[in-house]
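Engineer: Residue numbers (UniProt numbering): 24 to 184. For glycine and all other residues, C-beta sits at the position ideal for the given N, C-alpha and C. Have a look at this one.
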Amino acid sequence: PRPYGSAPPELREQTLVLVKPDAVQRRLVGDVIRRFERRGFKLVAMKLLQADRGLLDKHYQQLRQKPFYPALLSYMTSGPLVAMVWEGYNVVRSTRAMVGDTNSAQAAAGTIRGDFSMHVSRNVVHASDSVETALREIGFWFQRDELVAWESSDRDYTYGP
Ligand code: UDP
């Protein structure tokens, strides 16, 4: 395997994905992971945890004044969730496209939300909405040493030489 860092910077974009508590309860963790793996993204960090209010207040700081925030907090603390960092070319935008519309009722078929959920209040996954947000969010959910630096051996078959 090639040493980490040999890939050009554009292949090293990262995003935070959360498999939310509804999806853990519904045994959808594997299905969600499979979609990102099959697309060709590289998993660089993953853990199961029970999120607490302090962490969610940081993660959703833009939404704290919204009327649905108390319900969102109770949903997101209702059970364990899986936090992951995925890496690859254009991963933030591609992941958002794969996740689909925030409102599951309107999410297109073929997207994760469109295929696995029915309602905005139980929409299965989170994915960062910009490169800047991703950097910040990854810092909320992971210690620096929890990210694993590795090169996948199929890189030329995923991206071309
Ligand atoms: N949410 C909700 N009701 C709403 C809007 C959002 O319960 O009317 C929840 C939903 O879980 C959503 C999260 O709040 O995923 C964050 O909302 P945001 O607008 O950031 O959407 P996302 O980036 O998750 O698509």
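Just to confirm, does Ser-144 get its C-beta within under 7 angstroms of one of the non-hydrogen atoms of the ligand UDP?
Structural biologist: Under cutoff, so the answer is yes.
Engineer: Does Trp-173 pass the burial test, meaning 16 or more other C-beta atoms within 10 Å, or should it be called exposed?
Structural biologist: Exposed, since its Cβ has fewer than 16 Cβ neighbours within 10 Å.
Engineer: Since Arg-82 is in the alpha helix (DSSP H), which residue starts that stretch and which ends it?
Structural biologist: The amino acid at residue 82 is misidentified as Arg; the sequence shows His. Residues 76–82.
Engineer: In whole angstroms, what separates the C-alpha of Thr-125 from that of Leu-39?
Structural biologist: Each residue's Cα considered, the two are about 16 angstroms apart.
Engineer: Note the first and the last residue of the continuous beta strand (DSSP E) segment covering Val-105.
Structural biologist: Val-105 -> beta strand (DSSP E) spans 104–110.
Engineer: If the criterion is Cβ atoms closer than 8 angstroms, does the pair Pro-90 and Pro-44 meet it?
Structural biologist: No; because the gap between Cβ atoms is not below 8 angstroms, this pair is not in contact.
Engineer: From the DSSP output, read off the bridge partner residues of Thr-38.
Structural biologist: Answer by DSSP bridge pairing, in chain order: Trp-109.
Engineer: Ignore the nearest five residues each way along the sequence and tell me which others in Thr-134's own chain have a CB closer than 7 angstroms to its CB.
Structural biologist: Around Thr-134: Met-121, Val-122 and Gly-123.
Engineer: Below 8 angstroms CB to CB, which residues in the same chain sit around Ala-128 once its five sequence neighbours on both sides are set aside?
Structural biologist: Within the same chain, Ala-128 has close Cβ partners Met-141, His-142 and Val-143.
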